[in-house]
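Enquirer:
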Amino acid sequence: MEQNVKGTSRWSDERVEEVMGKLLIAGVLLAALVVICGGAYYLILYGSTVPHYRVFHGEPSDLRDLSSILKDAIRLSSRGLIQLGVVLLIATPIARVAFSVFAFARQRDHMYVVFTLLVLGLLLYSFIGGLYQS
Amino acid sequence: MNTLEFTLLIALGSFAAGFLGSLTGLGGGVVIVPLLTLVFHVDIRYAIGASLVSVIATSSGAAAAYVREGYSNIRIGMFLEIATTLGALAGALVAGILSASVIAVIFGLVLLYSAYLANRPKSESTSEGPPDRLATLFRMDGDYPTANGRQSYHVRGIPGGFSLMFLAGVLSGLLGIGSGAVKVLAMDQIMRLPFKVSTTTSNFMIGVTAAASAGIYLSRGYIDPGLVMPVMLGVLGGSLLGARVLARADTRILRVVFGVVIILLGVDMIFNGLTGRF
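First to last, the protein sequences are chains G and S.
Under our numbering, think of the first position of the first sequence as 1084, with each following residue one higher.
Under our numbering, think of the first position of the second sequence as 14, with each following residue one higher.
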């Protein structure tokens, strides 16, 4: 039965993996590009200051949750832009899992739709829950 | 040292870590935290946050090369990601309770274990027996390309593999590493997958596992943009270059050297953790 599903469906496992690979590369490249832009700007602004990582004080609240990071990035704050790149990077594997839900549904593989939704739920709980609760 | 010099040095160190990690198959993530804490005296919480972000970048970046070859098994990967994401959430929550010294000691022990795993002689032990009931139920058996055409394989030990994957997730969420060594162990030794299938499927899972705890680290303020920038870009660049060189490099000596470096870093982490220097 497995063979049959693979043979007739346009959404074979190989095809799904290929699309996933492209999705991941696109996400990483976009995230890296945003981080490079924000990073260059950050170094121009703060390059000659003294770094402070020896002591932990935690990031200010505007670099912790999604809506504040977006606001900072839109007004082109250098640290906000880097943080937006980080958010895009975290979102990349989550997008991959979301795409898998769709792909398994196209393959009519209901058991794996449920498994994948479970993983997606856990990821979104951390990503959105974590980013809004603070 | 000003921020510009500090950033360039960290980018250089991260590039080397990513390059060696990708060449030796150990991953750059395991040495980023010791590098940042022991060499650059960065607080371990910032270091773990930055490392976690770099792990997502390398896993997702490497996946494109792997998926085209058709080795990874997306069903096994997705099923086991239930265990690793649950573990990662638990690990990230526990990380908020434990003191920096305890985390450093656990990190050191994991480093020692990773060095041991990486240099242990490997024997391929694919399963020849009848199909496993659970594996059939979950439709996990598959095939992968070899020199003699596609070779099919059977999966077993699913409960054991699932449990070990939960542990891999906890370590990833607690220490900001990919836990690739533990993931491959679960799939090689317990589930009896062929090497190529377990390594590529593990790499596929690492990004999802790390993403599960990254949101929590971000909301706790552990992810500092000024530190993440050179670490993420350095490790990503280094690992992409490493993957290109890998095909024509003899990595035996390199694995031993990198293994020794990891052992020394592990001992140093444990010593500093026990003497309360974190």
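Using N, Cα and C, we set each Cβ at its ideal position, and we do this for glycine too.
Taking 8 Å as the threshold (C-beta atoms), are glycine 247 of chain S and alanine 24 of chain S in contact?
Expert: The residue given as residue 24 of chain S occupies position 11 in the second sequence. The residue given as residue 247 of chain S occupies position 234 in the second sequence. In this structure, glycine 247 of chain S lies closer than 8 Å to alanine 24 of chain S by Cβ.
Enquirer: Taking leucine 1205 of chain G as the query, report the chain S residues whose CB atoms sit under 7 Å from its CB, ordered along the chain.
Expert: Along the first sequence, read from residue 1 onward, the residue named residue 1205 of chain G stands at position 122. Thr98, Leu99, Leu102, Ala225, listed in chain order.
Enquirer: Taking proline 144 of chain S as the reference, which of S:Arg152, S:Leu122, S:His167 has the closest Cα?
Expert: By one-based count along the second sequence, residue 144 of chain S stands at place 131. Answer by Cα proximity: S:His167.
Enquirer: By the three-class DSSP mapping on this structure, what secondary structure does tyrosine 1136 of chain G have?
Expert: Counting from 1 along the first sequence, the entry for residue 1136 of chain G is found at position 53. Coil, per DSSP.
Enquirer: So which residues on chain G does serine 192 of chain S lean against when the C-beta distance must stay under 8 Å?
Expert: The count along the second sequence starts at 1 and reaches residue 192 of chain S at position 179. Per Cβ cutoff of 8 Å: no residues; serine 192 of chain S is ~15 Å from chain G at best.
Enquirer: Please identify the residue among S:Ala227, S:Ile69, S:Val221 whose C-alpha is closest to the C-alpha of glycine 109 of chain S.
Expert: The residue given as residue 109 of chain S occupies position 96 in the second sequence. Out of S:Ala227, S:Ile69, S:Val221, S:Ala227 has the C-alpha closest to the C-alpha of glycine 109 of chain S.
Enquirer: Which value, in whole angstroms, describes the spacing of the CA atoms of aspartate 154 of chain S and arginine 205 of chain S?
Expert: Taking the first residue of the second sequence as 1, we reach residue 154 of chain S at position 141. Taking the first residue of the second sequence as 1, we reach residue 205 of chain S at position 192. C-alpha separation (whole angstroms): 11 Å.
Enquirer: With 16 other CB atoms within 10 Å as the buried threshold, where does asparagine 86 of chain S fall?
Expert: What you label residue 86 of chain S is simply residue 73 of the second sequence in a count that begins at 1. Burial call: buried.
Enquirer: Between tyrosine 1195 of chain G and chain S, is any beta-carbon pair separated by less than 8 Å?
Expert: One-based indexing of the first sequence puts residue 1195 of chain G at position 112. Yes, tyrosine 1195 of chain G counts as interfacial toward chain S.
Enquirer: Over the uninterrupted alpha helix (DSSP H) stretch that includes aspartate 1155 of chain G, give me the two end residues.
Expert: Translated into the one-based positions of the first sequence, residue 1155 of chain G becomes position 72. 1149–1157 is the span of the alpha helix (DSSP H), which, as asked, contains aspartate 1155 of chain G.
Enquirer: Starting from the C-beta of isoleucine 283 of chain S, find all residues in its chain whose C-beta is less than 6 Å away, skip the five residues before and the five after it, and write them out in chain order.
Expert: Residue numbering aside, residue 283 of chain S sits at position 270 when the second sequence is read from its first letter. Cβ within range, chain order: Val118, Gly121.
Enquirer: Compute the Euclidean distance between the alpha carbons of methionine 14 of chain S and proline 1134 of chain G, then round it to the nearest angstrom.
Expert: Within the second sequence, residue 14 of chain S is the residue found at index 1, counting from 1. Within the first sequence, residue 1134 of chain G is the residue found at index 51, counting from 1. Going by the C-alpha atoms only, they are around 8 Å apart.
Enquirer: Check this for me: beta carbons of alanine 60 of chain S and phenylalanine 291 of chain S, under 8 Å apart or not?
Expert: Taking the first residue of the second sequence as position 1, residue 60 of chain S is located at position 47. Taking the first residue of the second sequence as position 1, residue 291 of chain S is located at position 278. No, Cβ-Cβ distance for alanine 60 of chain S and phenylalanine 291 of chain S is not below 8 Å.
Enquirer: What does the alpha-carbon distance come out to for the pair leucine 1107 of chain G and alanine 148 of chain S?
Expert: Working through the first sequence from its first residue, we reach residue 1107 of chain G at position 24. Working through the second sequence from its first residue, we reach residue 148 of chain S at position 135. Approximately 28 Å between the Cα atoms of the pair.
Enquirer: For alanine 64 of chain S, does the three-state DSSP call read helix, strand or coil?
Expert: The residue labelled residue 64 of chain S in the question sits at position 51 within the second sequence. One point to set straight first is that residue 64 of chain S is serine, not alanine, in the sequence displayed. Helix.
Enquirer: Out of G:Ser1183, G:Pro1143, G:Gly1212, G:Val1169, which has the shortest C-alpha to C-alpha gap to leucine 1101 of chain G?
Expert: Here residue 1101 of chain G corresponds to residue number 18 of the first sequence, with the count starting at 1. Note that residue 1101 of chain G corresponds to glutamate in the displayed sequence, not to leucine. The shortest C-alpha separation from glutamate 1101 of chain G is found at G:Ser1183.
Enquirer: Work out the CA separation of histidine 1193 of chain G and leucine 287 of chain S for me, nearest whole Å.
Expert: On the second sequence, position 274 is the one that residue 287 of chain S refers to. On the first sequence, position 110 is the one that residue 1193 of chain G refers to. Spanning the two alpha carbons is a distance of roughly 50 Å.
Enquirer: Tell me whether the stretch 35–54 of chain S and the stretch 266–279 of chain S touch, counting them as touching only if at least three CB pairs, one residue from each stretch, are closer than 8 Å.
Expert: Judged by Cβ distances under 8 Å, the stretch 35–54 of chain S makes contact with the stretch 266–279 of chain S, as three or more pairs qualify.
Enquirer: How many angstroms separate the CA atom of alanine 223 of chain S from the CA atom of serine 1131 of chain G?
Expert: In the second sequence, counting from the first residue as 1, residue 223 of chain S sits at position 210. In the first sequence, counting from the first residue as 1, residue 1131 of chain G sits at position 48. Near 33 Å, if we compare the C-alpha coordinates of serine 1131 of chain G and alanine 223 of chain S.
Enquirer: Mind checking which residues open and close the beta strand (DSSP E) that includes glycine 155 of chain S?
Expert: For the purposes of this step, residue 155 of chain S is taken as the residue at position 142 of the second sequence. Counting along the chain, the beta strand (DSSP E) containing glycine 155 of chain S begins and ends at 155–159.
Enquirer: CA-CA distance, isoleucine 1211 of chain G and threonine 159 of chain S?
Expert: As a first step, residue 1211 of chain G must be located in the first sequence, where it is residue number 128. As a first step, residue 159 of chain S must be located in the second sequence, where it is residue number 146. For isoleucine 1211 of chain G and threonine 159 of chain S, the distance between alpha carbons rounds to 42 Å.
Enquirer: At the level of alpha carbons, what is the spacing between alanine 101 of chain S and leucine 1207 of chain G?
Expert: On the second sequence, residue 101 of chain S is found 88 positions in, with the first residue counted as 1. On the first sequence, residue 1207 of chain G is found 124 positions in, with the first residue counted as 1. Approximately 13 Å between the Cα atoms of the pair.
Enquirer: Quick one, are the C-beta atoms of methionine 245 of chain S and valine 55 of chain S less than 8 Å apart?
Expert: Your numbering for residue 245 of chain S matches position 232 in the second sequence. Your numbering for residue 55 of chain S matches position 42 in the second sequence. Their beta carbons are not under 8 Å apart, which means methionine 245 of chain S does not touch valine 55 of chain S by this criterion.
Enquirer: So, does the stretch 1146–1153 of chain G touch the stretch 194–213 of chain S, judging by three or more C-beta pairs under 8 Å?
Expert: Output reads no: the stretch 194–213 of chain S does not touch the stretch 1146–1153 of chain G.
Enquirer: Counting C-beta neighbours from all protein chains within 10 Å, is the total for tyrosine 129 of chain S 16 or more, i.e. buried, or is it exposed?
Expert: The sequence position of residue 129 of chain S within the second sequence is 116, counting from 1. Exposed, by the Cβ-count rule.
Enquirer: Who are glutamine 164 of chain S's beta bridge partners in DSSP?
Expert: If you number the second sequence from 1, residue 164 of chain S lands on position 151. Its beta-bridge partners are S:Tyr157.
Enquirer: According to a CB-to-CB cut-off of less than 8 Å, which residues of the stretch 82–93 of chain S neighbour chain G?
Expert: Cβ contacts with chain G come from Gly83, Ser85, Ile87, Arg88, Met91, Phe92.
Enquirer: Quick test of your reading: valine 1180 of chain G and leucine 1149 of chain G, contact by CB under 8 Å. State the CB separation rounded to the nearest angstrom.
Expert: Translated into positions along the first sequence, residue 1180 of chain G becomes position 97. Translated into positions along the first sequence, residue 1149 of chain G becomes position 66. The Cβ separation is near 18 Å, so there is no contact.
Enquirer: With distances taken from CA atoms, which of S:Thr20, S:Ser35, S:Leu17, S:Met200 is nearest isoleucine 171 of chain S?
Expert: Here residue 171 of chain S refers to the residue found at position 158 of the second sequence. Minimum Cα distance to isoleucine 171 of chain S is reached at S:Met200.
Enquirer: Given a cut-off of 8 Å on the beta-carbon distance, is the pair aspartate 281 of chain S and leucine 22 of chain S in contact?
Expert: As a first step, residue 281 of chain S is located in the second sequence; it is residue number 268 there, counting from the start. As a first step, residue 22 of chain S is located in the second sequence; it is residue number 9 there, counting from the start. Taking 8 Å as the Cβ cut-off, aspartate 281 of chain S and leucine 22 of chain S do not qualify as a contacting pair.
Enquirer: Only counting the same chain, and skipping five residues up and downstream in sequence, which positions put a Cβ closer than 6 Å to that of glycine 90 of chain S?
Expert: On the second sequence, position 77 is the one that residue 90 of chain S refers to. Cβ neighbours of glycine 90 of chain S beyond the five flanking positions: Thr214, Phe217, Met218.
Enquirer: Is the Cβ-Cβ distance between isoleucine 1177 of chain G and tyrosine 1125 of chain G less than 8 Å?
Expert: For this step, residue 1177 of chain G is matched to residue 94 along the first sequence. For this step, residue 1125 of chain G is matched to residue 42 along the first sequence. Result no, Cβ atoms of isoleucine 1177 of chain G and tyrosine 1125 of chain G do not sit closer than 8 Å.
Enquirer: What did DSSP end up calling aspartate 56 of chain S once you bin it into helix, strand or coil?
Expert: Here residue 56 of chain S refers to the residue found at position 43 when the second sequence is read from its first residue. In the structure shown, aspartate 56 of chain S sits in coil (DSSP, three-state: anything other than H, G, I, E or B).
Enquirer: Which same chain residues end up closer than 8 Å to arginine 1162 of chain G when comparing Cβ atoms and leaving out the 5 residues on each side of it in sequence?
Expert: In the first sequence, residue 1162 of chain G corresponds to position 79, counting from 1. Contacts found: Gly1121, Tyr1125, Leu1146, Asp1155.
Enquirer: Closer than 8 Å, Cβ to any Cβ of chain S: which residues of the stretch 1093–1125 of chain G, in chain order?
Expert: Listed in sequence order: Asp1096, Glu1097, Val1099, Glu1100, Glu1101, Met1103, Gly1104, Lys1105, Leu1107, Ile1108, Gly1110, Val1111, Ala1114, Ala1115, Val1118, Ile1119, Gly1121, Gly1122, Tyr1125.
Enquirer: Please report whether the beta-carbon of phenylalanine 1185 of chain G lies at a distance below 8 Å from any beta-carbon of chain S.
Expert: By 1-based counting over the first sequence, the position of residue 1185 of chain G is 102. It does not: the Cβ of phenylalanine 1185 of chain G has no partner Cβ on chain S nearer than 8 Å.
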